[in-house]
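Q: For the sequence shown, my numbering begins at 78 and goes up steadily by one.
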Amino acid sequence: MTNGIIESDQFSDGICCSADAKSTIKQMLDFSLLKDPVFILYTISNFLTSIGFNIPYLYLVPQAGQIGIPSKQSSYLLALLGIANTLSRIILGFISDKPWINRLMVYNLCLTICGIATMLSTFCTDILSLSLYTITFGSTIGAYVGLTSVILVDLLGLDKLTNAFGILLMFQGIASLVGPPIAGWLYDVTGSYNPGFYLSGSNIAISGLMLFIIPYVQRRCERKELKKMTAVVNN
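Written out as C-alpha cells, the structure reads:
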C-alpha cells in the first residue's frame with residue numbers, strides 16, 4: 078500500500094515537474110520579446126487595430142438607421158461585410174503566399190485604406206455609399222486576421238511564433254474589450270455614431286502607417302548587433 082502511494086506521488090511529480098512541462102511554461106511566460114523594438118512596434122499596431130476592429134461590426138447597422146436607411150436594407154450590410162471579409166482572407170492569403178510579394182507592405186496598405194475608409198464612412202448618406210464602405214472595410218480588414226501570424230514569422234522567425242502570438246493575443250483581447258464601450262460612450266455623449274467611427278478609423282489607419290518604419294527599425298537593430306559582434310571580436 079505504501080509502495081503504491083510512493084509510486085503514485087512519483088508519477089504525479091513526474092508529470093507536474095517534467096522537463097517538457099517546465100519548458101512549455103517557461104516559454105509561455107517569457108516576456109523577453111517585449112525588449113525587441115520590432116515586436117513592440119507590431120504589438121502597439123495590433124493593439125490599435127483591435128480597438129477599432131469591432132466598432133463597425135457593432136455600430137454599422139445603427140449608423141445606417143441614423144442616416145435614414147430602412148432596417149430592411151441596413152440588415153444586409155453585415156452580410157455584405159461578412160462575404161467581403163471571407164473572400165479577402167482567401168485572396169490576400171493566396172497573394173501573400175507568392176515569394177515576390179512583400180506581406181508586410183500588403184498588410185500596412187490594407188490597414189491604412191481600411192482606417193481612412195472608416196473615417197470617411199461618416200459622410201455616407203445612402204445605402205449605396207454605405208455598401209461601398211462596407212465592402213472596402215470587409216476586404217481590407219481581412220489582412221489583419223489573415224496575415225498577422227505570417228508576418229510575425231517574417232519579422233521574428235518561426236521559433237518565436239508561439240510565444241509572440243500568445244503575447245499578441247493578450248493585448249488584442251484587452252484592446253477588443255476597450256474599443257466598443259468607448260464608442261458607445263461617445264454615442265451617449267454626442268448622440269451620434271460618427272465619433273465612434275472616427276475613433277475606429279483613426280486607430281486602424283495609424284496602426285497601418287506606423288508599420289511602414291519597420292524595415293528601418295530592422296536595419297538599425299542589425300547595425301547595432303553588428304557593432305556588438307565587432308566589439309566582442311576585437312576584444
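Every residue, glycine too, gets a C-beta built ideally from N, C-alpha and C. All values reported here derive from a predicted model rather than from experimental measurement.
Would you check if the distance between the CB atom of Thr-211 and the CB atom of Ala-161 is smaller than 8 Å?
A: The sequence position of residue 211 within the sequence shown is 134, counting from 1. The sequence position of residue 161 within the sequence shown is 84, counting from 1. A contact, by the Cβ cut-off of 8 Å.
Q: Using the Cα positions of Gly-223 and Val-309, report the straight-line distance between them to the nearest angstrom.
A: Here residue 223 refers to the residue found at position 146 of the sequence shown. Here residue 309 refers to the residue found at position 232 of the sequence shown. Approximately 41 Å between the Cα atoms of the pair.
Q: Nearest-angstrom Cα distance between Asn-280 and Leu-125?
A: Locating residue 280 in the sequence shown gives position 203, counting from the first residue. Locating residue 125 in the sequence shown gives position 48, counting from the first residue. Each residue's alpha carbon lies about 5 Å from the other.
Q: Would you list, in sequence order, the uninterrupted alpha helix (DSSP H) runs of no fewer than 4 residues that lie entirely inside the region 100-185?
A: 114-130, 132-143 and 148-173
Q: May I ask which residues mark the beginning and end of the alpha helix (DSSP H) holding Tyr-275?
A: Locating residue 275 in the sequence shown gives position 198, where the first residue counts as 1. Unbroken alpha helix (DSSP H) run through Tyr-275: 271-286.
Q: Determine the DSSP secondary structure at Ile-92, reduced to helix, strand or coil.
A: One-based indexing of the sequence shown puts residue 92 at position 15. Caution applies to Ile-92, whose pLDDT of 48 falls short of 50 and renders its modelled position unreliable; the model cannot decide the point.
Q: For the region 190-210 against the region 162-175, do three or more pairs of beta-carbon atoms, one drawn from each stretch, fall closer than 8 Å, so that the two count as touching?
A: No, the region 190-210 does not touch the region 162-175.
Q: Tell me whether the beta-carbon of Leu-323 lies closer than 8 Å to the beta-carbon of Tyr-119.
A: Here the chain has residues from 78 to 312 only, and residue 323 is not among them.
Q: What does the Cβ neighbour count give for Cys-298, buried or exposed, with the cut at 16 atoms within 10 Å?
A: Reading the sequence shown from its first residue, position 221 is the one you call residue 298. Looking at its Cβ environment, which holds fewer than 16 other Cβ atoms inside 10 Å, Cys-298 is exposed.
Q: Less than 8 Å separating the beta-carbons of Leu-137 and Leu-164?
A: On the sequence shown, position 60 is the one that residue 137 refers to. On the sequence shown, position 87 is the one that residue 164 refers to. Cβ atoms of Leu-137 and Leu-164: not closer than 8 Å.
Q: Thinking Ser-277 and Pro-133 are a contact (beta carbons under 8 Å), I'd like their distance in whole angstroms, please.
A: Position 200 of the sequence shown, counted from the first residue, corresponds to residue 277. Position 56 of the sequence shown, counted from the first residue, corresponds to residue 133. That belief holds up - the Cβ atoms of Ser-277 and Pro-133 are roughly 6 Å apart, short of 8 Å.
Q: In three-state DSSP terms, what is Cys-187?
A: Walking along the sequence shown from the start, residue 187 turns up at place 110. If DSSP states are grouped into helix, strand and coil, Cys-187 belongs with the helices.
Q: Taking 6 Å as the limit between beta carbons, can you name the residues of its chain near Met-306, skipping five residues before and five after?
A: The residue labelled residue 306 in the question sits at position 229 within the sequence shown. Around Met-306: no qualifying Cβ.
Q: Taking only three categories from DSSP, how would you classify Thr-202?
A: The sequence position of residue 202 within the sequence shown is 125, counting from 1. Coil.
Q: The alpha helix (DSSP H) spanning Ile-251 covers which residue range?
A: Along the sequence shown, read from residue 1 onward, the residue named residue 251 stands at position 174. Residues 238-267.
Q: Taking C-alpha atoms, which residue in Val-255, Ala-141 and Gln-295 lies nearest to Ser-208?
A: On the sequence shown, position 131 is the one that residue 208 refers to. Looking at the Cα atoms, Ala-141 is the closest of the given residues.
Q: Applying the 10 Å Cβ sphere with the 16-neighbour rule, what's the burial state of Cys-187?
A: One-based indexing of the sequence shown puts residue 187 at position 110. Counting C-beta atoms within 10 angstroms of its own C-beta, Cys-187 has 16 or more neighbours from the protein chains shown and is therefore classed as buried.
Q: Rank Leu-238, Pro-272, Pro-257 and Asn-179 by C-alpha distance to the C-alpha of Ala-220 and give the top, closest one.
A: One-based indexing of the sequence shown puts residue 220 at position 143. Closest option to Ala-220, Cα to Cα, is Asn-179.
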